[in-house]
Amino acid sequence: MSRGPLETPFVARSDQVDVLQDALDRARTGVPGALLLAGDAGVGKSALVRELARRAVDEGAAVVVTHCVDLGEIGLPYLPFAEAVTRLRETCPQVVAEVEDRRPELGRLLGRGAVDDDADRLQLFDALAEVLGAVARPDQPLLLVVEDAHWADASSRDVLRFLVARLRDEPVVLVVTYRTDDLHRRHPWRPVAAELARHPRVQRIELPPFTHDEVRAFAVALTGEPPDPETLQRVAERSGGNAYFAQELLEQPDDDLPGSLADVLRARVEQLDPDVQQVARVASVSGRRVDEALLRAAVAAFDPALAPALDSSLRELVGHHVLAVEGEHLAFRHALLAEAVAADLLPGETSALHRAYVHALRDDPTRGTAAELAAHALAAPDLPTALSASLTAARDAHALLAPEEELRHLEVALRLWDAVAPDDEAHDDVLARAASAAAAAARRERAIQLARAAVDAADPARRPRRRIALARHLQAAERADDALEQTDLALAELPTTPDAARAWALATHARSLVFLDRRVDAFAAVQEALADARAVSALDAESDALTTFAVLVADDDGDQAEDLLRQALARARTVGDSATELRILANLAANRYEIGDLDGTRRFAQEGSALARERGLANTDHGLDLAGYATLAAYVQGDLRAVEVPARGPDEDGGLLDLAVLYAATARGDADVVDRCRALEPLWVRDGMIALVAGGCAADALARDGRWDEALDVVTRAVEHLSEAWTPEFFGGIWLSAIGLAALADAADDDRLHGRDASHRVAAGAPLRERLERTVRRPLPPGRGMGPEGLAWIARARAEAARLEGGAADDPELWRAAVDAFGYGHRYEQARSRWRWAGSMLARGDRDGAQVEAAIALAEAQEMGAEPLAAAVRDLARRGRLAVPGVSVGSSDVLTARELEVLGLVAQGLSNNQIGARLFISGKTVSVHVSRVLAKLDASGRAEAVSVAHRRGLLTEARG
């Protein structure tokens with residue numbers, strides 16, 4: 003007797019079950035996990051999930067199983083997660099209601115809530131993560147299964163990536179199943195699956211076909227008796243170990259096994275009554291699952307003669323395990339069965355069946371979604387209905403904060419526009435909506451293309467507004483010249499009297515002028531924008547213009563800039579613009595940082611970060627930048643504690659936060675910091691700041707490890723890249739030059755220590771020294787000056803250049819200047835400069851001064867947790883025999899005056915006899931002195947003794 007899908011026996015798979023069970027056990031201890039369950043269609047993924055769900059329920063876990071569906075290019079945003087929230091409301095109504103009270107965004111998944119702004123999408127993601135965490139408890143972990151992720155819509159893919167990165171200590175296990183045989187090279191799930199698999203919290207399980215023995219065990223469990231050897235062999239060979247195919251073959255009523263899977267699937271349906279088969283065909287064009295009420299209406303619309311016996315037909319389909327009941331849906335036993343039935347239809351039959359669904363959905367829209375109507379209308383084809391339904395589906399996707407799906411629906415409508423343009427929609431409106439959706443989906447170039455098309459399609463009265471929107475898209479792509487051209491045209495087309503559109507055009511114009519460093523023109527434009535905005539009470543445009551005004555005056559008057567930003571902040575709060583609030587707070591933090599006010603930086607950054615977390619905007623650009631400024635200011639002030647950041651996918655940008663953590667990681671001496679920085683190198687082309695910070699930190703760490711040539715290579719490549727991407731004398735080059743010069747100086751010290759010529763190191767530093775001085779001479783706009791951090795790095799770079807030169811050029815006063823310059827608040831770099839200052843004084847014979855500065859540097863390094871720096875200071879103190887607290891300087895290696903004389907001559911490369919002749923003693927006596935030197939310095943030979951003596955400053959005494 004055949005079985006339904008829920009009755010299919012479960013055999014084998016013990017290794018996979020153990021992995022899934024371990025993940026559930028870890029979740030009980032507060033370690034969330036995610037598992038990717040991959041395999042060919044029919045291999046047994048769903049059976050494995052059902053077994054895990056059964057065990058989880060038996061152990062007291064909450065289990066929610068959701069599904070993705072295939073609607074081709076028409077998607078249903080967040081479908082599996084809407085289904086999950088619906089299920090959780092049924093099983094945990096009070097918990098979900100409490101979260102929904104706190105996070106009303108959650109209601110969007112159930113069709114409630116209005117659209118506030120683009121950033122709400124991340125609030126929705128945060129709300130979803132919160133409800134999952136609220137439902138889960140250590141004694142009742144949550145197992146959330148998302149089946150058939152290869153059909154997941156773009157927004158659901160984004161949610162999966164977010165959840166994997168967002169979950170911290172919630173007792174949640176996320177299991178995602180998908181077909182591997184469907185993943186062609188450009189399949190949208192493929193890069194997401196690869197990205198998720200790289201996350202340390204994710205385990206990927208590839209489900210293999212059954213072995214011959216496992217097919218036998220499956221056959222016994224399915225039929226109750228072992229098959230004869232011949233049948234077993236034929237089933238094993240023809241099924242290829244595919245569990246679903248093997249089950250279909252074993253359940254055939256005769257001994258003549260069909261030769262292919264398609265034959266098997268057709269055989270199951272073809273044994274039914276013709277009218278029953280026709281109902282199955284109607285169901286098949288809707289995919290694996292269809293709402294029962296919609297199926298009944300579609301059957302009646304397709305062939306009214308089928309309606310009277312429909313109940314009987316459905317019962318027969320369920321009884322013969324073609325369909326199964328899943329809640330309010332009827333589902334094919336397996337997606338492969340639905341595909342096989344649909345593939346057997348003639349083109350005319352397919353069109354007729356889709357038209358039946360169009361009729362059913364138009365007759366009663368509650369039977370399905372606009373997206374489903376659009377999908378069926380496209381396949382019918384019914385182009386007017388497809389266009390109208392696509393526009394409605396786009397509005398639904400916008401309300402759900404699903405920009406990829408919104409864009410897809412709008413692009414479908416735009417493709418149909420010339421054939422069936424509606425009377426109630428303006429072409430430029432739809433193009434502008436599509437551009438906004440593309441921008442929200444981070445597809446900037448597509449947004450620009452669509453916005454340009456909207457300008458071309460608009461009538462003269464609407465064209466200026468379309469130009470302003472295009473300019474904004476161009477600014478987001480850092481194409482300020484093109485943006486300025488559009489606002490010039492918009493201003494020429496607008497009336498000269500104040501109105502909101504003109505205020506926005508002027509505010510946008512001013513922002514482009516700031517990008518292009520045309521500050522005088524920008525000042526005039528921003529003043530005019532403010533006047534127009536205030537004249538017509540356009541608070542949003544006024545807030546934008548005030549923010550730009552603050553950027554203009556920040557270098558001249560930090561207090562005025564802060565006052566302007568606070569005014570802008572008040573306007574943004576009045577109109578409820580959370581995203582603009584964060585932008586302004588990020589600007590406030592940046593302004594404070596530029597003038598060296600680190601306390602102010604942290605105050606604004608922490609205020610903004612708290613607001614971002616409260617409103618679910620922590621992962622927006624400005625939310626990440628605020629967290630980054632808080633982290634950066636903490637590092638500069640000497641707080642080197644690690645800040646946890648989520649893993650990012652290849653297309654994700656962690657903003658300033660992901661870069662700021664690299665500074666402290668380098669100062670702490672994290673073993674993986676070079677690898678982390680190098681992993682970001684492919685992203686240099688996307689954002690110059692990544693090249694600057696990751697490149698500089700990588701070079702700094704490499705130089706610390708004695709990999710000087712590698713460090714210089716990274717600096718050189720970063721400088722070349724940024725000189726082209728930004729400007730040849732970019733100010734960040736001062737920092738990179740200092741790091742490169744430091745690496746060369748370390749290498750030159752090592753060369754000199756071992757008697758090698760260091761002139762090639764000095765020559766290699768010449769381009770960096772020249773770049774440094776060219777950048778220092780770079781003219782600044784009137785009223786602008788170099789900030790304290792820039793001045794400090796200039797002093798540091800000049801001191802490193804002198805150390806590279808060596809000898810008399812290495813003046814301790816240069817290091818004193820660097821220490822003083824970093825005194826504005828950069829605790830770590832001041833301590834590092836102080837260490838170098840101590841070394842320079844020791845080389846000049848100022849042991850007392852060296853001792854004082856080394857002691858301060860060591861105390862600072864130890865308190866901050868900068869272990870590489872602390873180790874370097876201890877080494878300086880030991881080899882210089884400086885009385886620094888916490889550093890033991892033994893007396894056993896103190897050399898006598900004669901031993902120092904001998905050591906000095908050994909360093910010159912003289913033999914024992916040559917030394918004896920120089921000192922008027924025998925070569926044998928010299929040999930005795932050399933042996934004592936080796937013992938005291940614990941050196942294995944003459945070269946090592948000289949090296950140790952150099953490090954400890956003993957050869958300075960020998961020369962003295």
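So for the sequence shown, the working numbering puts the first residue at 3; every next one is plus one. Using N, Cα and C, we set each Cβ at its ideal position, and we do this for glycine too.
Drop a sphere of 10 angstroms on the beta-carbon of residue i, count the other beta-carbons inside from all chains shown, and report buried for 16 or more, exposed for fewer.
{"i": "alanine 947", "result": "buried"}
{"i": "lysine 926", "result": "exposed"}
{"i": "alanine 696", "result": "buried"}
{"i": "glutamate 802", "result": "buried"}
{"i": "asparagine 589", "result": "buried"}
{"i": "alanine 167", "result": "buried"}
{"i": "valine 287", "result": "buried"}
{"i": "alanine 915", "result": "It should be pointed out that residue 915 corresponds to asparagine in this sequence rather than to alanine. So asparagine 915 ends up on the exposed side."}
{"i": "leucine 22", "result": "buried"}
{"i": "glycine 735", "result": "buried"}
{"i": "serine 314", "result": "exposed"}
{"i": "glutamine 96", "result": "exposed"}
{"i": "arginine 954", "result": "buried"}
{"i": "leucine 782", "result": "exposed"}
{"i": "threonine 898", "result": "exposed"}
{"i": "proline 814", "result": "buried"}
{"i": "leucine 534", "result": "The sequence shown places aspartate at residue 534, not leucine. That one is buried."}
{"i": "glutamine 18", "result": "buried"}
{"i": "serine 157", "result": "buried"}
{"i": "serine 739", "result": "buried"}
{"i": "glycine 640", "result": "buried"}
Which of helix, strand or coil does DSSP assign to residue i?
{"i": "histidine 69", "result": "strand"}
{"i": "glutamate 330", "result": "coil"}
{"i": "arginine 615", "result": "helix"}
{"i": "arginine 291", "result": "strand"}
{"i": "arginine 15", "result": "coil"}
{"i": "arginine 139", "result": "strand"}
{"i": "arginine 170", "result": "coil"}
{"i": "arginine 187", "result": "coil"}
{"i": "arginine 181", "result": "strand"}
{"i": "leucine 164", "result": "Reading off the sequence shown, one finds phenylalanine at residue 164, where the question assumed leucine. Phenylalanine 164: helix per DSSP, three-state reduction."}
{"i": "serine 933", "result": "helix"}
{"i": "aspartate 660", "result": "helix"}
{"i": "threonine 31", "result": "coil"}
{"i": "isoleucine 736", "result": "helix"}
{"i": "asparagine 244", "result": "coil"}
{"i": "tyrosine 80", "result": "coil"}
{"i": "alanine 404", "result": "coil"}
{"i": "valine 45", "result": "coil"}
{"i": "tryptophan 2", "result": "This structure does not reach residue 2, given that the chain is present from 3 up to 962, and the question cannot be answered."}
{"i": "cysteine 699", "result": "helix"}
{"i": "alanine 963", "result": "Outside the displayed span of the chain (3 to 962) sits residue 963, for which this structure offers no information."}
{"i": "glutamine 249", "result": "helix"}
{"i": "valine 281", "result": "helix"}
{"i": "tryptophan 686", "result": "coil"}
I'd like to confirm the pairing. Which residues does DSSP put opposite residue i in its beta bridges?
{"i": "leucine 146", "result": "Val66, Leu176"}
{"i": "isoleucine 207", "result": "Leu39"}
{"i": "arginine 585", "result": "For arginine 585, which the question treats as bridged, DSSP gives no partner whatsoever."}
- [ ] Enumerate, from N- to C-terminal direction, the unbroken alpha helix (DSSP H) stretches of 4 or more residues contained entirely within the segment 838 to 894.
- [x] If one requires a minimum length of 4 residues, the alpha helix (DSSP H) runs lying completely within the segment 838 to 894 are 849 to 866, 869 to 881, in chain order.
- [ ] Assess, as a yes-or-no matter, whether the segment 602 to 614 is touched by the segment 99 to 111 under the definition of 3 or more beta carbon pairs within less than 8 Å.
- [x] Between the segment 99 to 111 and the segment 602 to 614 there are fewer than three inter-stretch CB-CB distances shorter than 8 Å, so the stretches are not counted as touching.
Task: Inside the segment 421 to 508 only - alpha helix (DSSP H) runs reaching at least 4 residues - done: Counting only runs of at least 4 residues, the segment 421 to 508 fully encloses the following alpha helix (DSSP H) elements, listed from N- to C-terminal order: 429 to 442, 446 to 459, 465 to 478, 482 to 495.
Open item on the list: So, does the segment 52 to 70 touch the segment 20 to 30, judging by three or more C-beta pairs under 8 Å?
Closed with: Contact between the segment 52 to 70 and the segment 20 to 30 is present, with at least three C-beta pairs closer than 8 Å.
TODO: Enumerate, from N- to C-terminal direction, the unbroken beta strand (DSSP E) stretches of 3 or more residues contained entirely within the segment 298 to 359.
DONE: Here the runs fully enclosed are 325 to 328, 331 to 334.
Open item on the list: My parser needs the alpha helix (DSSP H) runs of 4 or more residues fully inside the segment 739 to 796; what are they?
Closed with: Counting whole runs of 4 or more residues, the segment 739 to 796 contains the alpha helix (DSSP H) stretches 761 to 779.
Open item on the list: Quick check: the segment 331 to 348 against the segment 35 to 45, are at least 3 beta-carbon pairs closer than 8 Å?
Closed with: Touching, yes.
Task: Meets three-Cβ-pair contact criterion under 8 Å: the segment 49 to 56 and the segment 191 to 200 - done: Flag = no, the segment 49 to 56 and the segment 191 to 200 do not touch.
Open item on the list: Quick check: the segment 591 to 608 against the segment 573 to 581, are at least 3 beta-carbon pairs closer than 8 Å?
Closed with: Because the criterion of three Cβ pairs below 8 Å is not met, the segment 573 to 581 and the segment 591 to 608 do not touch.
Open item on the list: So, does the segment 302 to 320 touch the segment 79 to 99, judging by three or more C-beta pairs under 8 Å?
Closed with: The segment 302 to 320 is not in contact with the segment 79 to 99.
TODO: Evaluate the contact criterion for the segment 126 to 139 versus the segment 159 to 173: three or more CB pairs, one atom per stretch, below 8 Å.
DONE: Touching, per the Cβ criterion.
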